[in-house]
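To convert, note that position 166 of the sequence shown is 344 in our numbering; the numbers rise steadily by one, no gaps. Below is one structure, written out as structure tokens; the observations come after it.
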Amino acid sequence: MIKEIPKSDVVVRPFKVYKEWTLDEDDVTAVIGEKFTTSSFDADTDPKSNGLYKRLVFRSIDAQFYRTPSNQSPLTEVGNRRDYTSVDERVLLDDLILLDDSLNEIVTDDGTRIVVPNPLSTVWVLPIPQKYFGEGIKIGSFVLVDNTNGRTYTDDGNSNLVSSYDSTISGNVFYDRGLIVIHQVDESISELTQFTVTYRSTMTIYENEVFLSVNENEFNVSQNPTAVYEVGGTKTDISITKPYSELIDQEYVTQSIYKPGVKYLRDSKNPIISSFDGVTQGSFDDYEVSGSVDQTGSYLAPFITTIGLYDDDNNMVVVAKLPKPIKSLPDYPVNFIVRFDT
């Protein structure tokens with residue numbers, strides 16, 4: 179017994195779930211990027227960090243994620259930002275003009291002067307594998323503990339990593355890329371070799387809700403051939419005509435049809451259901467009488483224990499098990515709601 183489900187009775191609701199992760203240097207390989215201005219790139223002599231050229235790592239990070247205040251745009255920029263007029267959230271050496279090395283003072287393209295711990299020429303990059311962050315890192319959940327130098331960098335929810343050492347913005351986390359960049363790297367601290375990162379990964383799950391309506395005349399006939407027996411069924415031969423050949427216009431053919439009789443409950447002499455055009459129908463009119471001799475206790479109305487959902491090609495895609503059997507009543511509709519996640 180199969181029934182088509184209207185599209186209006188199927189609802190899909192997306193919702194995000196999060197999983198907490200704790201990774202260290204064995205799970206994430208830190209890469210160093212460095213700016214070189216005194217020489218051109220040489221594949222044979224340029225220094226590398228974990229198999230990658232430091233010069234190319236720096237240029238790639240700078241070009242992809244960092245912009246000067248004059249060309250910042252919320253439409254093209256990756257990640258969040260507290261203020262698109264700020265000059266300390268996305269700052270690398272390429273974006274700044276050094277005024278005085280001893281003062282550590284820099285000026286942006288628009289003439290704003292700021293003081294930083296050191297002009298930047300080195301970045302630490304932590305590329306987290308996608309299998310560890312899914313669709314992205316949950317905003318505001320990232321914490322990097324630098325065990326080498328005893329510093330902690332905390333995500334402020336705007337893609338900025340704030341250092342516990344001096345409360346300055348020392349890096350950025352790009353949530354949907356799983357990419358961490360520490361760009362305030364001064365010469366007084368050692369290379370990042372021992373660290374721990376904690377964060378929550380993001381995954382979208384879809385809750386599918388299907389409303390199933392079983393009407394009074396649906397799914398309430400027993401499919402068990404041993405539950406009833408039939409008396410009075412007859413087989414009748416009738417003649418029909420059909421085209422035969424070019425020489426003979428038509429011929430008479432005999433065909434047998436079956437007219438069902440009255441169905442009785444097994445071991446009972448009282449008919450409890452009637453048959454009309456081969457479709458069995460029940461009624462509660464004589465429920466008390468027939469129920470006393472109904473060995474199945476269901477008055478031939480089946481109990482629903484399992485619901486199967488099929489696709490357009492009649493392939494079963496979902497099986498729902500009811501916590502307890504539900505009787506398909508012949509006089510009342512029964513509704514089910516099936517929920518499953520994908």
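In this text, a Cβ means the ideal position worked out from N, Cα and C, and glycines have one as well. No experiment lies behind these values; they were computed from the predicted model shown.
Under three-state DSSP, which class holds residue i?
| i | result |
| --- | --- |
| Tyr310 | helix |
| Leu500 | strand |
| Asp364 | coil |
| Gly333 | Checking the sequence, you will find Asp at residue 333 rather than Gly. Asp333 falls in the strand class under three-state DSSP. |
| Asp354 | helix |
| Lys213 | coil |
| Lys316 | coil |
| Lys413 | strand |
| Pro295 | Any answer about Pro295 is weak, because its pLDDT of 40 lies below 50 and its placement is not dependable; what the coordinates show is given next. Reduced to three states, the DSSP call for Pro295 is coil. |
| Gln473 | Here the model assigns Gln473 a pLDDT of 48, short of 50, so the residue's position is not dependable and the matter cannot be decided. |
Alpha carbon to alpha carbon, what distance is there between residue j and residue i?
| i | j | result |
| --- | --- | --- |
| Pro449 | Asp187 | Only weak support is given to the placement of Pro449: the predicted model assigns it a pLDDT of 43, under 50, and the value that follows is read from those uncertain coordinates. Spanning the two alpha carbons is a distance of roughly 38 Å. |
| Lys226 | Lys232 | 5 Å |
| Gly312 | Val195 | 10 Å |
| Ile485 | Pro511 | 16 Å |
| Asn492 | Asn386 | 19 Å |
| Phe518 | Ile383 | 10 Å |
| Val189 | Ile239 | 42 Å |
| Glu212 | Ser299 | 6 Å |
| Arg378 | Gly328 | 23 Å |
| Tyr353 | Pro307 | 12 Å |
| Phe243 | Thr520 | 34 Å |
| Phe193 | Ile183 | 24 Å |
| Pro480 | Lys316 | 49 Å |
| Asp490 | Val496 | 13 Å |
| Lys502 | Val388 | 19 Å |
| Thr223 | Arg237 | 17 Å |
| Lys505 | Leu487 | 19 Å |
| Glu394 | Met381 | 42 Å |
| Val206 | Lys197 | 17 Å |
| Phe214 | Arg191 | 51 Å |
| Asn138 | Ile210 | This structure cannot settle anything about residue 138, because the visible part of the chain is limited to 179 through 520. |
| Asp364 | Ser218 | 24 Å |
| Gly335 | Ala241 | 23 Å |
| Ile360 | Thr346 | 12 Å |
| Ile416 | Val392 | 38 Å |
Name the two residues that bound the continuous alpha helix (DSSP H) containing residue i.
| i | result |
| --- | --- |
| Leu234 | Lys232 to Phe243 |
Shorter than 7 Å, the distance from the beta carbon of residue i to the closest heavy atom of the ligand MG, or not?
| i | result |
| --- | --- |
| Thr223 | The ligand MG is absent from the structure shown, which contains no ligands of any kind. |
In the DSSP assignment, find the unbroken beta strand (DSSP E) run with residue i in it and report its ends.
| i | result |
| --- | --- |
| Leu507 | Note, Leu507: premise wrong, no beta strand (DSSP E); not H, not E. |
| Lys197 | Val188 to Asp202 |
| Gly229 | No beta strand (DSSP E) holds Gly229; DSSP gives it neither H nor E. |
| Thr382 | Phe373 to Val392 |
| Ser341 | Asn338 to Ser341 |
| Ile482 | Phe481 to Tyr488 |
| Val321 | Val321 to Asp324 |
| Leu270 | Leu270 -> no beta strand (DSSP E), and no H or E assigned at all. |
| Thr207 | Looking at the DSSP string, Thr207 is not in any beta strand (DSSP E), and its letter there is neither H nor E. |
| Val303 | Thr300 to Pro305 |
For residue i versus residue j, is the C-beta distance shorter than 8 Å?
| i | j | result |
| --- | --- | --- |
| Val303 | Ala208 | yes |
| Leu370 | Asp324 | yes |
| Val375 | Val321 | yes |
| Ser368 | Asn350 | no |
| Gln362 | Ser342 | no |
| Leu390 | Asn513 | yes |
| Gly314 | Asp333 | no |
| Val235 | Arg355 | no |
| Trp199 | Tyr331 | no |
| Glu396 | Lys181 | yes |
| Gln372 | Glu267 | no |
| Ile482 | Leu507 | no |
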